[in-house]
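With our numbering, letter number 90 in the sequence shown gets 93, and the count goes up by one each step, no holes. Written below as structure tokens is the structure these notes are about.
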Amino acid sequence: MADCIFCGIAAGEIPAAVVARTDHALAFEDLNPQAPVHVLVIPTRHVGSAADVDEAGAEVWPAVLGLAVEVARAQGIAESGFRLVINAGAHGGQSVDHLHLHLLGGRPMQWPPG
Ligand code: 5GP
Ligand code: ZN
Numbered sequence: 004m005a006d007c008i009f010c011g012i013a014a015g016e017i018p019a020a021v022v023a024r025t026d027h028a029l030a031f032e033d034l035n036p037q038a039p040v041h042v043l044v045i046p047t048r049h050v051g052s053a054a055d056v057d058e059a060g061a062e063v064w065p066a067v068l069g070l071a072v073e074v075a076r077a078q079g080i081a082e083s084g085f086r087l088v089i090n091a092g093a094h095g096g097q098s099v100d101h102l103h104l105h106l107l108g109g110r111p112m113q114w115p116p117g
């Protein structure tokens with residue numbers, strides 16, 4: 004989608020530190036990391052938010068969740084533990100309107116979130 008930063012990254016038009024990719028998903032380092040490991044996992048096709056995923060497009064979930072767990076293993080945080088976060092919409096704190104999953108780890112996480 005035009006003017007979407009994450010579509011630009013998926014297309015290789017905007018630089019990013021890519022850590023893994025599959026046919027349908029891409030993982031790259033967050034520009035402003037909140038933990039020693041902070042990787043974003045996106046579907047390569049444009050999906051605005053989690054709220055936009057319907058039954059017809061539900062294949063997006065195994066694509067992004069599967070890659071996130073693979074990256075957790077590859078980054079060595081599968082044993083120590085990690086957190087997967089999806090911010091959706093205004094109240095969810097979503098700031099980039101292309102569905103993305105945050106993979107966070109390398110330190111203990113707080114709960115509940117703010
Ligand atoms: P949200 O608040 O929408 O859940 O998270 C958006 C995330 O994208 C933020 O953690 C922010 O640091 C990250 N981000 C925003 N723009 C860019 C970018 O151009 N490149 C990368 N690698 N991360 C970005
Ligand atoms: Zn997009």
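For glycine and all other residues, C-beta sits at the position ideal for the given N, C-alpha and C. Please read all numbers here as calculations on a predicted model, not as lab measurements.
- Below 8 Å, enough C-beta pairs join the segment 103 to 111 and the segment 76 to 83 to call them touching: three or more.
- Residue pairing by DSSP places His41 opposite Leu107 in a beta bridge.
- At least one heavy atom of the ligand 5GP is found less than 7 Å from the C-beta of Ser98.
- Taking the Cβ of Asp55 as the reference point, every heavy atom of the ligand 5GP lies at 7 Å or farther away.
- In this structure, the CA atom of Asp57 is about 27 Å from the CA atom of Val21.
- Beta-bridge annotation (DSSP): Val88 is paired with His105.
- A Cβ closer than 6 Å to some heavy atom of the ligand ZN marks a residue here, and those residues are Met4, Cys7, Phe9, Cys10, His49, His101.
- Ala59 carries a helical assignment under DSSP once its states are collapsed to helix, strand and coil.
- By the beta-carbon neighbour count (other beta carbons within 10 angstroms, threshold 16), Val99 is exposed.
- In the three-state scheme derived from DSSP, where H, G and I count as helix and E and B as strand, Leu34 is classed as coil.
- The shortest CA-to-CA distance from Pro39 to any of Pro115, Met4, Ala75, Gly117 is the one to Ala75.
- Going by beta carbons, Ser52 and Leu102 fall inside the 8 Å limit.
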